[in-house]
Structures are given as C-alpha cells and as structure tokens.
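Numbering (my numbering), first residue to last: 941 to 1143.
Written below as structure tokens is the structure these notes are about.
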Amino acid sequence: MGKEMSMLAMPKVVRRPGRPRSERARKAVLRCTLALLKRVGFHGLTVEAVAERARVGKATIYRWWPSKADLVIAAFVSVVEPELRFSSEGPVLDSIHKQMRNWATIFQSPLGQIVTTVIGAGQSEPEILKAFQTHWVEPRRAEARKLLSDAIPRGDLRSDLDPGTILDLLYGPLYMRLLVKHAPLNESFVDQVFGFISPALLP
941 MGKEMSMLAM
951 PKVVRRPGRP
961 RSERARKAVL
971 RCTLALLKRV
981 GFHGLTVEAV
991 AERARVGKAT
1001 IYRWWPSKAD
1011 LVIAAFVSVV
1021 EPELRFSSEG
1031 PVLDSIHKQM
1041 RNWATIFQSP
1051 LGQIVTTVIG
1061 AGQSEPEILK
1071 AFQTHWVEPR
1081 RAEARKLLSD
1091 AIPRGDLRSD
1101 LDPGTILDLL
1111 YGPLYMRLLV
1121 KHAPLNESFV
1131 DQVFGFISPA
1141 LLP
C-alpha cells in the first residue's frame, strides 16, 4: 500500500514535443542550402549535399520541401522576407516605393542572382516556376494587393484600377532588367519607374 501511495505521489513525466529540435534542423537545412548555393550555384546544388552538411536525412528535407526548387526559394525567403515586408504605416504608395528600392538592392546581390537562375530554369521546367510563384511571388503580391485594396476605399488611389495590374506596372520593369540585364537595376531606376507610374494611380 505504501509503495502504491508513493507511486501515486510521484509527478508524471510529461514528454515535450520535439518541435524545438525539428525547428533547429529546419533552420540548419536552410542555412546550409544558402551556404552551398553561394559555392556551387543552383544547378550544382543537390539535396544530398544539403542533407549531409545539415546532418539530417534526405527524406526529412523532402518532407518539408518536395523539390530542390522549393528548398532554394524557401532558403531565399528566410533571409530576405524581413527586408521586403510592406510597411502598413503612412501612405500606401510610399510603402510600395520603399519596398521596391529594397527589392532592387537585394536582387542585385549574389543571392538575388540565384533567384534569376531559378526563374531561367523555370522556363523549361514548369515545376520550378511553380515553386517560385507559390513561395515567392504570390505571398508578396497578396500582401501588396491587400494594401492597395484597403487604400482604394479611402480615396488614396483610383477606384478603376485593379491592384494586380498596378503591381504589374510597378514591378514589371524591375523584372525586365533583372532577367535581360540590358541596363542596371538600381535605386535610380526604381525611382524613375515609380515617378512615371505613381501619378497615374492617384484619384
């Protein structure tokens, strides 16, 4: 009886979920992906090499990211997302202008050139382009569309324009210079594009 009572009095050991460990492994994979990308580029990168460097199983990586393109874009987003968030304070066009400038700076960097390679590879491999659209393009556009949609009822922007079309007008020239490389992609060019287009967006 005494033994049973002492066992009842013992606190239960609660097993904590393995999420912190899993999150550490996830961050290690993204970190190692970026490190290898800088050394070997997109085409030279393999999931096997990332798994070995991050000390995780290849199956673990594929469970989180179904393809190499998904992994590369996730690694890119993990670094640049804080820099490319749209501010919700102040005039909406000022927020977009600032984000466009940051966009140009990042895409001029070696990390941005990796994404250029991904876009190029996506022209012949639809799954790569889909990964780029799903993990990079659409989340940014959804955030921007909401800002623009909220600004229209306030009278800050013309009501006869589609938010998606506004984004195409503003960012299309940036992607043009990013991919064709016929002229510099810099803040000066961003300011010119914004200066041409923004007056046409006002009521």
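Don't be surprised by glycine CBs; every beta carbon is placed ideally from N, CA and C.
Remember, predicted model here, so these are calculated numbers, not experimental data.
- The DSSP-derived three-state label of I1001 is helix.
- If you ignore the 5 residues before and after G1062, its C-beta comes within less than 7 Å of the C-beta of I1068, L1069, F1072, all in its own chain and listed in chain order.
- In this structure, the alpha-carbon of D1131 lies about 24 Å from that of V1017.
- In this structure, DSSP gives K1070 a helical state, which the three-state scheme calls helix.
- With a threshold of 16 other beta carbon atoms within 10 Å, D1034 falls short and is exposed.
- P1022 sits in a helix when the DSSP states are folded into three classes.
- Cα atoms of P1066 and I1001: separation of roughly 21 Å, rounded to the nearest angstrom.
- Its Cα nearest to that of K1038, the residue Y1111 stands out among Y1111, W1076, V990.
- When rounded, the separation of the alpha-carbon atoms in L985 and L976 is 7 Å.
- L1107 has its alpha-carbon roughly 10 Å from the corresponding atom of A1082.
- Taking G981 as the centre and dropping the five residues before and after it, the same chain places the C-beta of I1054, T1057 closer than 8 Å to its C-beta, in chain order.
- Around the Cβ of D1010, a 10 Å sphere holds 16 or more other Cβ atoms; the residue is buried.
- By the Cβ neighbour-count rule, F1136 is exposed, with fewer than 16 other Cβ atoms within 10 Å of its own.
- V990 and A1091 have their C-alpha atoms spaced approximately 43 Å apart.
- Assignment of S1027 by DSSP, reduced to helix, strand and coil, places it in the coil class.
- Rounded to the nearest angstrom, the gap between the Cα atoms of P1103 and S1089 is 7 Å.
- In the displayed model, L1097 falls within coil according to three-state DSSP, outside both helix and strand.
- Each residue's CA atom was taken as its position, placing R995 and R964 some 11 Å apart.
- Comparing alpha carbon positions, the residue from L1114, E988, T1074, G1060 closest to I1046 is L1114.
- Contact annotation, H1075 with A999: C-beta distance approximately 21 Å; criterion of less than 8 Å not satisfied.
- Exposed is the label assigned to T1105, since fewer than 16 other Cβ atoms lie within 10 Å of its Cβ.
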